[in-house]
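K.L.:
Number of protein chains: 2
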Amino acid sequence: MNAAQVLIDGRWRAADAEGTFHAENPAKGEALPLAFPISRWSDCDAALNAATKAAAELRALDPAKIAAFLDAYAANIEAAADSIVAAAAEETALPVSPRLKDVELPRTTNQLRQAAAAVREESWRNATLDLEKNIRSCFAPIGPVVIFGPNNFPFAFNGVSGGDFAAAIAAGNPVIAKAHPLHPNTTEQAFKAVESTGLPPATVQMIYNINNENGLKLVSDPRVGAVGFTGSRNAGLHLKRAAEDAGKPIFLEMSSINPVIFLPGALAERHEQLAQELVDSVLAGSGQFCTSPNLLLVFETPQNQSQAEVFLAKIATSFTERPAQPLLSSAGRQQLQRGVTALTNAGAQLVTGGNNAPGEGYRYANTLLRATAAQFLAAPHDLQREIFGNATLAVVVNTQKELESILGLLEGNLTGTVYSAKSGAAQSGDDAIYNVIAPLLRERVGRLLNDKMPTGVAVSPAMNHGGPYPATSHPGTTSVGIPASIHRFAKLECYDAVRPERLPAILKDTIANPGTWRLINGNWTKG
Amino acid sequence: MNAAQVLIDGRWRAADAEGTFHAENPAKGEALPLAFPISRWSDCDAALNAATKAAAELRALDPAKIAAFLDAYAANIEAAADSIVAAAAEETALPVSPRLKDVELPRTTNQLRQAAAAVREESWRNATLDLEKNIRSCFAPIGPVVIFGPNNFPFAFNGVSGGDFAAAIAAGNPVIAKAHPLHPNTTEQAFKAVESTGLPPATVQMIYNINNENGLKLVSDPRVGAVGFTGSRNAGLHLKRAAEDAGKPIFLEMSSINPVIFLPGALAERHEQLAQELVDSVLAGSGQFCTSPNLLLVFETPQNQSQAEVFLAKIATSFTERPAQPLLSSAGRQQLQRGVTALTNAGAQLVTGGNNAPGEGYRYANTLLRATAAQFLAAPHDLQREIFGNATLAVVVNTQKELESILGLLEGNLTGTVYSAKSGAAQSGDDAIYNVIAPLLRERVGRLLNDKMPTGVAVSPAMNHGGPYPATSHPGTTSVGIPASIHRFAKLECYDAVRPERLPAILKDTIANPGTWRLINGNWTKG
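Chains as they are written, first to last, in the numbering used here: chain A, 1 to 527; chain B, 528 to 1054.
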């Protein structure tokens, strides 16, 4: 079988394949020539054995070597950027610029370098010393991490280069990555940038695809330390149950409709500008962002009615005028169509779009739907369905009470945004509403924004790319932002009365690394 | 029905009971006169509604009030100590002194006060500010926390006063506690020490018992924020699945056999002293500690054979000589007998004990079992069964290889201990073995000890009372030790470009509290 090779235990080799698959070029709507293997369990088993060995070796390694690996990987990705970007553009139809080459790839290498810096600094280990009682603890590697990357960020969330990858490696774990079947060649190209830098050969391993049964078996295998998953709610929930039943920590990012609230004063003050911002955000990446606004809550009153309607009309016009960009896949377009149909079946009115768009490839018309607050409140489950793509639902609310009721019925989301007026009487009016609704929204989202669209996710220690279930599986964790994202893939190790010479370096009374923050007798201390 | 009252929404009232139960006096082996209700779902439902309201109110409250409540609760427990201790002594048969009055109760109030101090200091919130990007995040309350306390620590792990309680309240959450049915009166007595200190009435609620079906319904209810559980593996796994299927974070402490390794040099050097320490540890609380040593790995060589055998003989003699203390319940004694029988069925030899002991109440003879390394390796699953009570299994190993093999087969545990020689050639010999086996043990335990029995669990920021599955449900968390234990009951809240006046106090540029550690632009900063 002439299919691409998997990387297991440091060696590119033919998969033990039960079949092959091809990615598509979504801009043309045709299959790509390269064949990729669907691995049988024996490939997973071999990877797990090799990872177990690598995990033990990594634990004994100087962290500087792990940091050097992450830096070198970032540099190699940059050196191979042209081929990686070309592969991604072909498999995803996402624009090379501005996006793959000048936004997502630099973001990805930046994240790898931030992870490297965290490994060098060692503060992520949260070393805690109680010198009086001679008890000491710190975070340490959790064991082999299996990572499933999503379809929508071929670099920044890829299992071989993204946030989960960087976090799992930074914590000192080997990674077994499952490529997303929509961009196997991208994954292979990125992955070929892995260079030997003195790490165990099985530190990073990659398979292209496995069947569902083997997926469940993989995440629940005794050799696994933890699992990272970014993708659909349906797939996520199946993996979640399998992993959790086996006692394996699994961190999932699954779905989010990212409500954006426009208060009356904001619409009165700057509805043209807001429409522009919103359109740019909803259509970014053809709406295929985890944080894409799927639900607009447009607060229309007798005073701002004309501006609110102009706002909605302007969005509709822009949606109609802007050419539809290709979606990631044929299946994604069908899923989007099903979502739009489900929303109209639940009472939403189709304002524009709602069908496939002309042009090559898997295009769907930019779609705006509209519903009343009463409609939303009558069908809150059906009308907060995630529609992954270039479509969004505007719910027009007329009273604060309606807005409060809607917020009270929202599921967990990654983000929630409020736009409010910035000056004058409009500001005080909006502020009064904000003070009541922000606490309600706060409870339902991981990241609360003001006057800013949620689609950008900065790599910052203060970022939370997480949120209450079902956006993720635990509202206390984040998949972006170092060091918090690293802690997901760490276990807590305590040393009680352990003899000084046997303590790990990070927990000795004095430490060589001058940059490390440690909590000693209740005080954060450096060096 | 003349049963005790439950506390729901700030009011002691009759339960909506489907039946009643009585606790036992395990020292006498007879039922106690007080009747306690088994609540129907309507009691849970009422508590959940009240807790939802309390959660919203608590979020808006000055943390100083929560701290004051925890301090006042500790003081009230102390003021009512006599009746609380008397109730516990009657229901558990644990000694008043040294234990309930002078060890466990002070430990419990100390923990409540440490939680109060953490609330006042606010460093637990892990406030992280990226001033350049204007992104800020902190931990915040997760929502109503349901707590199931265990049978073995009527104060220190009780759902109304223990570690999970202190952590959940400190995080700003209301608590719904389910009393353990073996000590309902203790729980009621402790709980009556809850005084109104300006907190919402439903901040702490308590029911005595519910049937299994309602237990599963309770932990998976949409109104729940998280669950804390300490108890048996069987009950824990059922609750785990129900909670996790509903997307509810659940933190469980379930089982542990706490291996204690005696290296050859240590036995040669101080076997008499070690036997004494071991006996004291195994028989503490009649062996009903989460961290009680259930598995001794005794390294016997041609050189130390006589001392190793004296060591084992001395343990057997002490076990035989020391009077058996009552166990917590009749069911517990039956379970212990089943465990001992299972171990002998799996090949272990009964050295002493193995049957009910004379004397009033539920007593079981102090029991020592013995097996060879070969036997353990032939039946590793059956021979690492937790035996909850005054029994322990000594496995005699003769080679380092055997020891390594055994450690490689251990499940996750709370603790693991190594005793080694402290001087001379014996020390270097043991050190060489330690260097190989400690990393293996390290991977399987939450807390690694040297030359110290694991039964004491200090309340220290550096403590880890946790460990790999199935000891707990997540190896990155601990149920003892502040602030880490608080983080389990918190969610991560991020503020992105939120206007300065709308930020919570903890995330503003400057903060009033001079004691709060915050991570600002990567540096831990106080005040």
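C-beta: ideal position from N, C-alpha, C; glycine also.
Just so we're clear, the structure is a prediction, and the values are computed from it rather than from any experiment.
1. Would a check of beta-carbon distances place B/Asn872 closer than 8 Å to chain A?
2. Can you tell which of A/Glu493, A/Cys494, A/Val457 has its C-alpha closest to the C-alpha of A/Ser479?
3. Output, in chain order, the set of chain B residues within a Cβ distance shorter than 7 Å of A/Trp517.
4. Strictly by DSSP, which residues pair up with A/Cys138?
5. Check the Cβ of A/Gly476 against every Cβ in chain B and list those closer than 8 Å, keeping chain order.
6. Determine the burial state of A/Val436: buried for a count of at least 16 other Cβ atoms within 10 Å of its Cβ, exposed for fewer.
7. How big is the Cα-Cα spacing for B/Ala753 and B/Gln641?
8. Within 10 angstroms of its Cβ, does B/Arg797 collect 16 or more other Cβ (buried), or is it exposed?
9. Can you say whether A/Trp12 is buried or exposed, counting buried as having 16 or more other CB atoms within 10 angstroms of its CB?
10. Please report whether the beta-carbon of A/Met463 lies at a distance below 8 Å from any beta-carbon of chain B.
11. Are B/Leu895 and B/Ala921 touching if we call contact CB-CB under 8 Å?
12. Between the segment 368 to 381 of chain A and the segment 38 to 49 of chain A, do three or more beta carbon pairs fall short of 8 Å?
13. Who are the near neighbours of A/Ala357 in its chain, counting only those whose CB is closer than 7 Å to its CB and skipping five residues on each side?
14. Are the Cβ atoms of B/Glu827 and B/Thr999 separated by less than 8 Å?
15. For the segment 69 to 100 of chain A, which segments carrying the alpha helix (DSSP H) assignment without a break, of at least 4 residues, lie completely within its bounds, in sequence order?
16. Quick check: what's the CA-CA separation for A/Ala35 versus A/Arg447?
17. Determine, using beta carbons only, whether A/Val219 and A/Ala202 come nearer to each other than 8 Å.
18. With distances taken from CA atoms, which of B/Ala858, B/Ala898, B/Ala948 is nearest B/Leu839?
19. What does a CB cutoff of less than 6 Å around B/Ser857 pick up in its chain, not counting 5 residues either side in sequence?
20. Taking only beta carbons into account, state which residues of the segment 493 to 506 of chain A come closer than 8 Å to chain B, listed in chain order.
21. Beta carbon of B/Pro727, beta carbon of B/Glu584: below 8 Å?
22. Going residue by residue through the segment 951 to 1030 of chain B, where are the continuous alpha helix (DSSP H) segments of at least 4 residues, counting only ones entirely within it?
23. Specify the secondary structure class of B/Gly755 as computed by DSSP and reduced to three states.
24. Does the CB of B/Lys580 have a neighbour CB from chain A at under 8 Å?
25. Within a Cβ cutoff of 6 Å, which residues of the same chain sit near A/Leu519, ignoring the five residues on either side of it in sequence?
26. Please look up how many angstroms separate the CB atoms of A/Glu89 and A/Leu100, rounded, as I've assumed it's under 8 Å.
27. Pick helix, strand or coil for A/Thr525, following the three-state DSSP scheme.
28. Spell out whether any CB of chain B is found under 8 Å from the CB atom of A/Ala458.
29. Between the segment 803 to 816 of chain B and the segment 957 to 971 of chain B, do three or more beta carbon pairs fall short of 8 Å?
30. In angstroms with no decimal places, state the Cα-to-Cα distance between A/Phe155 and A/Ala54.
31. What does B/Asp589 reach in chain A if we use C-beta pairs closer than 8 Å?
32. Between which two residues does the beta strand (DSSP E) harbouring B/Pro564 extend?
33. Taking the CB atoms as reference points, tell me whether A/Trp124 and B/Trp1051 lie closer together than 8 Å.
34. Can you name the start and end residues of the alpha helix (DSSP H) that A/Gly19 belongs to?
35. Does B/Asn637 come out as helix, strand or coil in the three-state DSSP assignment?
36. Residues of chain A with a CB under 9 Å from the CB of B/Asn977: which are they?
P.N.:
On the basis of the coordinates in this document:
1. Answer no: the Cβ-Cβ gap between B/Asn872 and chain A never drops below 8 Å.
2. Closest by alpha carbon: A/Val457.
3. Chain B residues near A/Trp517: Trp1051.
4. Residue pairing by DSSP places A/Cys138 opposite A/Glu493 in a beta bridge.
5. Chain B residues near A/Gly476: Phe666, Ile669, Pro776, His1014, Arg1015, Ala1017, Lys1018, Leu1019.
6. With fewer than 16 other Cβ atoms within 10 Å, it is exposed.
7. Looking at the two C-alpha atoms, the distance is approximately 22 Å.
8. Classification for B/Arg797: buried.
9. Under this definition A/Trp12 is an exposed residue.
10. Yes - at least one Cβ of chain B is within 8 Å of the one on A/Met463.
11. Between B/Leu895 and B/Ala921, the C-beta gap is smaller than 8 Å, which places the two residues in contact.
12. Remark: fewer than three beta-carbon pairs, one from each stretch, lie closer than 8 Å, so the segment 368 to 381 of chain A and the segment 38 to 49 of chain A are not flagged as touching.
13. These residues qualify, in order along the chain: Ala324, Arg363, Tyr364, Ala365.
14. Their beta carbons are not under 8 Å apart, which means B/Glu827 does not touch B/Thr999 by this criterion.
15. DSSP runs (the alpha helix (DSSP H)) wholly in the segment 69 to 100 of chain A: 81 to 92.
16. Cα to Cα, A/Ala35 sits roughly 40 Å from A/Arg447.
17. No, these two residues do not count as a Cβ contact at 8 Å.
18. Distances from the alpha-carbon of B/Leu839 to those of B/Ala858, B/Ala898, B/Ala948 put B/Ala898 closest.
19. Residues of the same chain with a CB within less than 6 Å of the CB of B/Ser857, apart from the 5 flanking positions on each side, are Tyr889 in chain order.
20. Result list: Glu493, Cys494, Tyr495, Asp496, Ala497, Val498, Arg499, Arg502.
21. Yes; because the gap between Cβ atoms is below 8 Å, this pair is in contact.
22. Within the segment 951 to 1030 of chain B, the runs of alpha helix (DSSP H) at least 4 residues long that lie entirely inside it are, in chain order, 951 to 969, 1011 to 1014.
23. The DSSP-derived three-state label of B/Gly755 is strand.
24. It does not: the Cβ of B/Lys580 has no partner Cβ on chain A nearer than 8 Å.
25. Closer than 6 Å at the Cβ level, and outside the excluded window around A/Leu519, lie Thr128.
26. Here residue 89 of chain A is Ala; the residue named in the question, Glu, does not match the sequence. Cβ-Cβ separation between A/Ala89 and A/Leu100: approximately 6 Å, consistent with a contact (criterion under 8 Å).
27. Reduced to three states, the DSSP call for A/Thr525 is strand.
28. The beta carbon of A/Ala458 falls within 8 Å of a beta carbon belonging to chain B, placing the residue at that interface.
29. The answer is no - the segment 957 to 971 of chain B does not touch the segment 803 to 816 of chain B, with fewer than three Cβ pairs under 8 Å.
30. Roughly 24 Å separates the two Cα atoms.
31. Listed along the chain, the chain A residues whose CB falls inside 8 Å of the CB of B/Asp589 amount to none; the nearest CB is some 16 Å away.
32. It spans 563 to 566 - the beta strand (DSSP E) in which B/Pro564 sits, taken as one unbroken run.
33. Their beta carbons are not under 8 Å apart, which means A/Trp124 does not touch B/Trp1051 by this criterion.
34. Not the alpha helix (DSSP H): A/Gly19 falls in the beta strand (DSSP E), residues 17 to 21.
35. For B/Asn637, the three-state secondary structure derived from DSSP is helix.
36. Result: Tyr495, Asp496, Ala497, Val498, Arg499, Arg502.
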